[in-house]
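**Q**
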Ligand SMILES: [Zn+2]
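Residue numbers (my numbering): 374 to 731.
(1) Out of 515, 509 and 516, point me to the one whose CA is closest to residue 530's CA.
(2) Would you decide whether residue 584 is buried or exposed? Buried here means 16 or more other CB atoms lie within 10 Å of its CB.
(3) Applying the criterion that 16 or more other CB atoms from any shown protein chain within 10 Å of the CB defines a buried residue, is residue 553 buried or exposed?
(4) Could you name the residues of the same chain whose beta carbon sits closer than 6 angstroms to that of residue 624, not counting the 5 residues immediately before and after it, in chain order?
(5) Using 8 angstroms as the Cβ pair cut-off and three pairs as the minimum, do the stretch 678-686 and the stretch 477-491 touch?
(6) Evaluate residue 466 with the Cβ neighbour count: other Cβ atoms within 10 Å of its Cβ, from every protein chain shown; 16 or more gives buried, anything less gives exposed.
(7) If contacts are defined as beta-carbon pairs under 8 angstroms, then residue 463 and residue 504 qualify, I think. What distance do you get, rounded to the angstrom?
(8) What are the start and end residues of each continuous beta strand (DSSP E) run of 3 or more residues lying completely inside the stretch 598-651, in chain order?
(9) Please indicate yes or no: does the CB of residue 646 lie closer than 8 angstroms to some heavy atom of ligand 1?
(10) If I follow the unbroken beta strand (DSSP E) through residue 492, where does it start and stop?
(11) If residue 516 and residue 653 are in contact, beta carbons under 8 angstroms, what's the gap, nearest whole angstrom?
(12) Residue 519 to residue 525, Cα distance in whole Å?
(13) Using alpha carbons as the reference points, say which of 457, 659, 691 and 646 lies closest to residue 581.
(14) Helix, strand or coil: how does DSSP classify residue 560 here?
(15) Output needed for residue 643: all residues of its chain with C-beta closer than 7 angstroms, excluding positions within five of it in sequence on either side, in chain order.
(16) Which class does residue 728 belong to by DSSP, given the choice of helix, strand or coil?
(17) To the nearest angstrom, how far is it from the Cα of residue 600 to the Cα of residue 550?
(18) In whole angstroms, what is the alpha-carbon distance linking residue 548 and residue 608?
(19) Taking just the CA atoms, how far does residue 722 sit from residue 532?
(20) What do you reckon, is the C-beta of residue 467 under 8 angstroms from a heavy atom of ligand 1?
(21) In this structure, what does DSSP give as the bridge partners for residue 674?
(22) Excluding the 5 residues flanking residue 695 on each side, which residues of the same chain have their C-beta closer than 8 angstroms to its C-beta?
(23) Considering only C-alpha positions, which residue in the set 567, 485, 556 and 564 is nearest to residue 732?
(24) Quick check on residue 460: does DSSP put it in helix, strand or coil?
(25) Do residue 637 and residue 543 have their C-beta atoms within less than 9 angstroms of each other?
(26) Measuring from the CB of residue 594, is there a heavy atom of ligand 1 at a distance below 8 angstroms?
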């Protein structure tokens with residue numbers, strides 16, 4: 374076990390005893406109002422009504438006033454004390470050329486990445502959940518079977534998010550929040566393993582898939598059976614969190630300050646799926662941008678290579694996809710110190726685990 378996981382385990386133990394998210398209070402929250410404001414107030418980060426976003430926007434204002442970027446600017450207040458760890462829960466195989474124009478026909482593995490964030494006040498937070506055995510069960514029958522035929526999945530139970538966390542001494546009760554980047558099944562499949570977590574996502578993302586029939590769901594890579602029965606009761610819609618302006622020269626104009634403390638700044642990265650969101654955060658190791666499926670590999674933004682035109686078939690809005698893609702390329706060019714982490718990029722996940730081990 375490396376230093377990072379030790380730190381997280383220690384935090385989880387402390388959170389288990391002291392967290393306002395534990396037990397009864399969460400039950401009450403589920404039964405009652407489930408707004409972001411309520412969650413913030415309950416978690417101790419009380420915001421007066423109409424509170425203007427905090428640290429992130431102050432940084433932005435300073436940057437704008439100065440007419441240039443402060444050295445190493447990145448959204449997300451790195452002094453909060455966040456810890457980040459990246460994992461994958463299973464992987465699928467895909468011809469490289471579909472995800473990267475000019476790539477080979479060879480089938481390459483795409484890990485189903487997820488992230489564990491430790492916040493000193495808000496506890497343990499997941500960004501997506503990867504595959505689970507329920508994904509295999511849900512795709513045993515047609516039409517969902519088509520999904521698995523197109524993207525063959527390799528997964529064993531010990532790869533699930535919950536089992537990996539359990540091995541680090543973290544239980545489902547310790548996970549207070551799951552931020553969902555979008556509703557594709559390789560991001561939602563582990564959700565049912567976290568019944569105590571509040572779920573943060575864009576209402577728009579769920580509305581886009583909520584009423585789809587079986588075939589349309591498969592086409593949208595959505596498996597409704599993976600969603601918890603009480604999903605909506607535990608949901609906090611990202612649209613309702615405080616918006617914050619980012620510097621004029623930054624590739625993303627504004628973000629959502631998820632906890633109102635400038636620690637986690639979500640931004641819109643639509644195109645691959647409706648309402649997809651990415652997450653900026655800073656840790657003692659540096660600045661990160663978790664960009665979900667805005668690209669499938671780090672090579673895509675580094676070499677500015679879009680996916681094969683055939684991949685447009687699975688995208689609800691290719692115009693928005695290209696716009697998001699260009700913003701990501703700009704981010705890499707102008708802010709190279711921000712580590713961009715695509716959910717399915719082996720290189721990004723391996724690089725991070727090597728840094729963790731160092
Ligand atoms: Zn996706």
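Think of the CB as a built atom: it goes at the ideal place given N, C-alpha and C, for glycine as much as any other residue.
**A** Once the coordinates are examined:
(1) 509
(2) exposed
(3) buried
(4) 700, 703 and 704
(5) Because the criterion of three Cβ pairs below 8 angstroms is not met, the stretch 678-686 and the stretch 477-491 do not touch.
(6) exposed
(7) Yes, they are in contact, since the Cβ atoms of residue 463 and residue 504 sit about 3 angstroms apart, within 8 angstroms.
(8) 608-610, 615-618, 627-630 and 638-641
(9) yes
(10) 480-492
(11) The Cβ separation is near 37 angstroms, so there is no contact.
(12) 10 angstroms
(13) 646
(14) helix
(15) 649, 690, 693 and 697
(16) Three-state DSSP puts residue 728 in a helix.
(17) Between the alpha carbons of residue 600 and residue 550 lies a distance of about 15 angstroms.
(18) 14 angstroms
(19) 15 angstroms
(20) If you check the C-beta of residue 467 against ligand 1, you find no heavy atom less than 8 angstroms away.
(21) The partner list for residue 674 (beta bridge, DSSP) is empty, contrary to what the question assumes.
(22) 644 and 679
(23) Nothing in the structure corresponds to residue 732, since the chain is present only between 374 and 731.
(24) strand
(25) No, the Cβ-Cβ distance between residue 637 and residue 543 is not below 9 angstroms.
(26) Yes, the beta carbon of residue 594 sits closer than 8 angstroms to at least one heavy atom of ligand 1.
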